[in-house]
Structures are given as C-alpha cells and as structure tokens.
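Numbering (this note's numbering), first residue to last: 7 to 263. Working notes for the structure below.
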Ligand code: SF4
Ligand code: SF4
C-alpha cells in the first residue's frame, strides 16, 4: 500500500513508487511542454501584433508621476467603467456591484457594449468618487482601469504619438520637461545607443513593458502569466528599468544618437 499522504512506502511498493514517480514526471513533462508551446505562441503573437507605440506609451506611463492635482477627475471627460471595474470598486468599497451600478454610474453616452460611466456631480462635473477637500480619489486602490492607465495608456494606440499630451495634467507637463532636460545627456545618449544596437535587450524591454502595462491596469493575474510566458526574471532592477524606459521613449521621440 502506498501511503502517499505522508510519503511512506512499504518494502514491496518500489515498483508502485516507480510507476507513481513516472506518472508524476510524465505529467510535469506534459505540463512543461504545454507551457513551452504556449510561450512560443505568445512570443509570436507579441512580435506580430503588439505595436511599438504601445511599448512607448507603457514606457512613458512608467516614467509618469501623478501630481494629484485632480484635474482629470472633473470637467468634460468621464471615467468609463466595465463590469470588471464595477466589481473591483464593489470589492474595495464593501458595496455590491449592483449598488455601485445603480448609485454611482450613468449610461455611457457613446453606448459602448458592457460599459457605463462614473457619475459626475455639480457644475464642475466632479467624479462622484473624488474627495475635493482631501484632493484624492476615495476609491484609489479600487479605481477603474481607465484611471489607472491615465494619461499615457488610456488612449487609442492608433494615434501613433509616443506621449499623450493633456495640457491640464501637471504630471504630463513635468514628464515633458524631464524628457527635454535629459535628452542630450551623455549617459542617456549612450543608453539609447546600446539599446538600439542590442535587439535582444530591446525585445526583453518590450516584453517587460507589456507585463508592466498589465500591472498598471490592475490585471495582476494576467501580468504574472505574461511574466511566466516571456520568461521575465524577478526581481526587476527598477533603476535600470527606468533608465531603459527613458531611453526607449526618447528613441521613439526621435532623440536618438
Ligand atoms: S474614480 Fe477616482 S481617479 Fe477615477 S475619475 Fe473618479 S475620483 Fe478620479
Ligand atoms: S491631471 Fe494628471 S497629474 Fe493631475 S491628478 Fe490627473 S493624472 Fe495626476
């Protein structure tokens, strides 16, 4: 008898144990093969389908620092929410998704399938979750994806601009100043040259940016899956990663050596 729970085997069980071990190893080999196959398909898909502009926008979002001015939480725009966003807000706030739906959202004016918008309040059209006195989002950790990815990643990649220019966003203005100030520095020019000449490093950076984009959007499970398929090792050296992001954004802005 094999006592698999505590790992003990009786004297006559060697062949059973061998069979069991073989079964386990066949299973894990099969699983490994599936992962290798999935990884191959993912890398092919990534190479053929993910535009470079998406990587540039992700790199810009990594460099972007929000100044908490609250401008993007009021005015003419609105925050689009999907069913996933509703659930995330519900989980964070301890209310049900149907309560969030009925009390805090309105129909999407553009009638996108499965989408609503967060209610805007008063003449300034302030988002219903913005705390104007404390100048902060009341559901920051549970905020919708569009707020997490604003401003660089919350636009259509068809626009083909490596930076999303929002004149009212102080963070964007500051990022542009940083890019301008650093563009001609010797160190960053060397980084750009090295990145340009090293196709493998560039490809790895783009995969890391794809993973980071999912993390920024709050899609941790998908990010982890991509990390596994792309073979990205942790921990990521954040200082070097940010240098690479800066070099990548500047290259796409045509500031290369
Ligand atoms: S959910 Fe939060 S971050 Fe998004 S618009 Fe409303 S207040 Fe701003
Ligand atoms: S407008 Fe820009 S800097 Fe201001 S809160 Fe929004 S993202 Fe942050």
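Virtual Cβ for every residue (Gly too), placed ideally from N, Cα, C.
Endpoints, the alpha helix (DSSP H) within which residue 97 is located: As a working mapping, residue 97 is identified with position 91 in the chain shown. For residue 97, the enclosing alpha helix (DSSP H) has its first and last residue at 89-99.
Pairwise C-alpha distance: residue 39 and residue 45: Stepping through the chain shown from its first residue, residue 45 is reached at position 39. Stepping through the chain shown from its first residue, residue 39 is reached at position 33. Answer to the nearest angstrom: the Cα atoms are 10 Å apart.
Got a sec? Which residues, its chain only, sit under 8 Å from residue 48 by beta carbon, not counting five neighbours each side? Translated into the one-based positions of the chain shown, residue 48 becomes position 42. Taken in chain order, the residues that qualify are 232, 235, 236.
Is residue 251 near ligand 2, going by C-beta to nearest heavy atom under 7 Å? What you label residue 251 is simply residue 245 of the chain shown in a count that begins at 1. Not under cutoff, so the answer is no.
Residue 229: buried (16+ other C-beta within 10 angstroms of its C-beta) or exposed? Sequence index remark: in the chain shown, residue 229 carries index 223 (1-based). Per the 10 Å Cβ criterion, buried.
Counterpart residues of residue 123 in DSSP-defined beta bridges: The residue labelled residue 123 in the question sits at position 117 within the chain shown. Residue 123 is bridged to 86, 112.
Beta carbon of residue 105 nearer than 8 Å to that of residue 125: In the chain shown, counting from the first residue as 1, residue 105 sits at position 99. In the chain shown, counting from the first residue as 1, residue 125 sits at position 119. Against a cut-off of 8 Å, the Cβ pair of residue 125 and residue 105 comes out as no contact.
Confirm the yes/no value for this check: CB of residue 155, any heavy atom of ligand 2, distance under 7 Å. As a working note, residue 155 is residue 149 in the chain shown. The beta carbon of residue 155 sits no closer than 7 Å to any heavy atom of ligand 2.
Count Cβ pairs between the segment 243-256 and the segment 65-75 that sit closer than 8 Å; are there 3 or more? Yes, they touch.
When you get a sec, list the residues whose CB is within less than 5 Å of any heavy atom of ligand 2, chain order please. By the rule of a C-beta closer than 5 Å to any heavy atom of ligand 2, the residues picked out are 72, 73, 75, 77, 78, 175, 176, 177.
Alpha carbon to alpha carbon, how far is residue 114 from residue 121? Taking the first residue of the chain shown as 1, we reach residue 114 at position 108. Taking the first residue of the chain shown as 1, we reach residue 121 at position 115. One alpha carbon belongs to residue 114, the other to residue 121, and they sit about 6 Å apart.
Reduced DSSP secondary structure (H/G/I, E/B, other) of residue 172: For the purposes of this step, residue 172 is taken as residue 166 along the chain shown, with counting starting at 1. Judged by DSSP in its simplified three-state form, residue 172 adopts coil rather than helix or strand.
Quick one: residues in its chain with C-beta nearer than 6 Å to the C-beta of residue 184, no 5 flanking neighbours on either side, listed in chain order? Working through the chain shown from its first residue, we reach residue 184 at position 178. Result list for residue 184: empty, nothing under 6 Å.
Rounded C-alpha distance that separates residue 35 from residue 145: Taking the first residue of the chain shown as 1, we reach residue 35 at position 29. Taking the first residue of the chain shown as 1, we reach residue 145 at position 139. Approximately 44 Å between the Cα atoms of the pair.
State the start and end residues of the unbroken alpha helix (DSSP H) segment that holds residue 231. As a working mapping, residue 231 is identified with position 225 in the chain shown. Residue range 226-236 is occupied by the alpha helix (DSSP H) that includes residue 231.
Using a 10 Å radius around the Cβ and a threshold of 16 neighbouring Cβ atoms, would you call residue 62 buried or exposed? Counted from its first residue, the chain shown places residue 62 at position 56. Sixteen is the threshold: when 16 or more other Cβ atoms of the shown chains lie within 10 Å of the Cβ of residue 62, as they do, the residue is buried.
I need the DSSP call for residue 154, collapsed to helix, strand or coil. Mapped onto the chain shown, residue 154 falls at position 148. Here residue 154 sits in helix by DSSP.
Beta-carbon proximity of residue 130 to residue 80, cut-off 8 Å: Walking along the chain shown from the start, residue 130 turns up at place 124. Walking along the chain shown from the start, residue 80 turns up at place 74. Residue 80 is positioned such that its CB atom lies closer than 8 Å to that of residue 130.
Any contact between the segment 90-99 and the segment 188-196? By contact I mean 3 or more CB pairs, one from each, below 8 Å. In the pairwise beta carbon analysis, the segment 90-99 is classified as not touching the segment 188-196: fewer than three pairs are separated by under 8 Å.
For residue 139, which three-state DSSP category applies? Within the chain shown, residue 139 is the residue found at index 133, counting from 1. Three-state result, residue 139: coil.
What residue range does the alpha helix (DSSP H) around residue 193 cover? Here residue 193 is taken as the residue at index 187 of the chain shown, counted from 1. Annotation for residue 193: the continuous alpha helix (DSSP H) segment containing it runs 192-203.
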